[in-house]
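**Q** The structure under discussion is supplied below as structure tokens; questions concerning it will follow.
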Amino acid sequence: MSPLYHELRNGLLAVCDEREAHAIALAVLEEVFGVARIDVYADKVRHFSDEERLHLQNILCRLQENTPLQYITGYAAFCGRRFEVSDAVLIPRPETEELVAAALESTPRRLLDVGTGSGCIAISLALALPRSSVEAWDLSADALEVARRNARRLGAEVRFEMCDVTAAPAAGRRFDLIVSNPPYICEKERADMERRVSDYEPHMALFVPDNDPLRFYRALACLGRNRLERGGRLVVEVNSAYGRETAALFKAEGYRDISLRKDLWGKDRIVSAFLE
495 MSPLYHELRN GLLAVCDERE AHAIALAVLE EVFGVARIDV YADKVRHFSD
545 EERLHLQNIL CRLQENTPLQ YITGYAAFCG RRFEVSDAVL IPRPETEELV
595 AAALESTPRR LLDVGTGSGC IAISLALALP RSSVEAWDLS ADALEVARRN
645 ARRLGAEVRF EMCDVTAAPA AGRRFDLIVS NPPYICEKER ADMERRVSDY
695 EPHMALFVPD NDPLRFYRAL ACLGRNRLER GGRLVVEVNS AYGRETAALF
745 KAEGYRDISL RKDLWGKDRI VSAFLE
């Protein structure tokens, strides 16, 4: 293995385990410096200039401060595409790809993504459903700018709007599908989170009060009653600790054919429900 790899990996062991340090070191060399993994393994990494070495050291320092690699590189992978990310948006995660897959089990003509962040959900759906009309909401102007840039770069037609789902008007455009990955982590869970998440990702997109963990799901259920077409569908990502409670909430709000699905790690993660 390349000495540069070992230097980077060993520097990361202070903040992560060996497996993660290995993965991050390879990713930095490949994604930032264009070094092929086979060259790392074969110890055939090209000579790094003094400027590149300084850049590598700066990256290592930021990683040792628990800055997420995606915020350092400025992009994250999602559904086979690269999305621009900044500290204004959550970093897309693999389990959210399952939310997109669940949404694509139908072919809605008009769909809405609530809390779009980087736009990864809305854009992925728009590209998979080119004949559909896609709208996306967020509370953050900075997040919406990131999402718009992603849509332009990836060639997706998405209508972005600043809107708070907890105060959304009852009247307005109607949809066949509403999809959302809303804030769902309770404040009491913060102490158990990785610092690279709790210290850097936007808290507005992460946390809910301990005494009201389902506040956004109530708002989404209400939005669905007002704005979904009859037989329309609501698909949401949930806190695994509240999957059953979220499904029960939707049932109490008049939804039917409710399903609770597990993610790649066997945790309750996706709730799907149809409007009566």
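Position one of the sequence shown corresponds to residue 495 (our numbering), numbered consecutively onward.
Glycine included, C-beta positions come from ideal geometry on N, C-alpha and C.
Here the structure is a predicted model, which means the values were calculated and not measured.
1. So what's Tyr-694 in DSSP terms, helix, strand or just coil?
2. Along the chain, where does the beta strand (DSSP E) containing Tyr-678 start, and where does it finish?
3. Excluding the 5 residues flanking Arg-653 on each side, which residues of the same chain have their C-beta closer than 8 Å to its C-beta?
4. In the DSSP assignment, find the alpha helix (DSSP H) that holds Ala-762 and state where it starts and stops.
5. Let's test the definition: count the other Cβ atoms within 10 Å of the Cβ of Gly-725 and tell me whether it reaches 16, buried, or not, exposed.
6. Looking at C-alpha atoms only, which residue of Phe-572, Phe-701 and Asp-762 is the closest neighbour of Pro-588?
7. How do the segment 634–648 and the segment 658–674 stand: do at least 3 beta-carbon pairs fall below 8 Å, yes or no?
8. According to the neighbour-count rule (16 or more other Cβ atoms, all chains shown, within 10 Å of its Cβ), is Pro-497 buried or exposed?
9. Can you tell me whether DSSP reads Val-534 as helix, strand or coil?
10. Nearest to Cys-680 by CA position, among Glu-688, Val-659, Asp-704 and Val-691, is which residue?
11. Please specify which runs of the beta strand (DSSP E), each continuous and at least 3 residues long, are wholly inside the segment 733–765, giving them in chain order.
12. Look up Val-583 in the DSSP assignment and say whether it is helix, strand or coil.
13. Under three-state DSSP, which class holds Ser-634?
14. Rank His-549, Ser-634 and Ala-515 by C-alpha distance to the C-alpha of Ser-483 and give the top, closest one.
15. May I ask you to verify whether the segment 751–766 touches the segment 728–743, counting CB pairs closer than 8 Å and requiring at least 3?
16. To which residues of the same chain is Ala-508 closer than 8 Å at the C-beta, ignoring the five residues directly before and after it?
17. Which one or two residues does DSSP pair with Arg-576 in a beta bridge?
18. Determine contact between the segment 653–665 and the segment 712–726, defined as no fewer than three beta-carbon pairs at a distance below 8 Å.
19. Identify the residues that DSSP records as bridge partners of Ile-672: which are they?
20. Would you check if the distance between the CB atom of Glu-592 and the CB atom of Ala-620 is smaller than 8 Å?
21. Let me know the secondary structure DSSP gives Glu-629 once reduced to three states.
22. Whose CA, out of Ser-766, Lys-761 and Arg-727, lies closest to the CA of Ala-742?
23. Excluding the 5 residues flanking Phe-542 on each side, which residues of the same chain have their C-beta closer than 8 Å to its C-beta?
24. Who are Arg-653's beta bridge partners in DSSP?
25. Have a look at the DSSP bridge pairing and note the partners of Val-539.
26. Reducing DSSP to helix, strand and coil, say where Val-509 ends up.
27. Can you tell me which of Val-673, Ser-674, Cys-614 and Ala-665 puts its alpha carbon nearest to the alpha carbon of Arg-646?
28. Just the C-alpha distance for Val-729 and Ala-665, rounded to the nearest angstrom, thanks.
**A** Based on what the coordinates show:
1. coil
2. Run containing Tyr-678: none; DSSP gives neither H nor E here.
3. Ser-627, Val-628, Glu-629 and Ala-630
4. According to the sequence displayed, residue 762 carries Asp and not Ala. Asp-762 -> not in any alpha helix (DSSP H); beta strand (DSSP E) instead, spanning 762–769.
5. exposed
6. Phe-572
7. no
8. exposed
9. Here Val-534 sits in helix by DSSP.
10. Asp-704
11. Counting whole runs of 3 or more residues, the segment 733–765 contains the beta strand (DSSP E) stretches 749–756.
12. In the structure shown, Val-583 sits in coil (DSSP, three-state: anything other than H, G, I, E or B).
13. coil
14. Here the chain has residues from 495 to 770 only, and residue 483 is not among them.
15. yes
16. Gln-558
17. Ala-571
18. yes
19. Leu-606 and Leu-728
20. no
21. Of the three classes helix, strand and coil, the one that applies to Glu-629 here is strand, per DSSP.
22. Taking only the C-alpha atoms, the option nearest Ala-742 is Ser-766.
23. Leu-498, Phe-527 and Leu-550
24. Glu-629
25. Paired residue(s): none; Val-539 is not in a bridge.
26. coil
27. Cys-614
28. 21 Å
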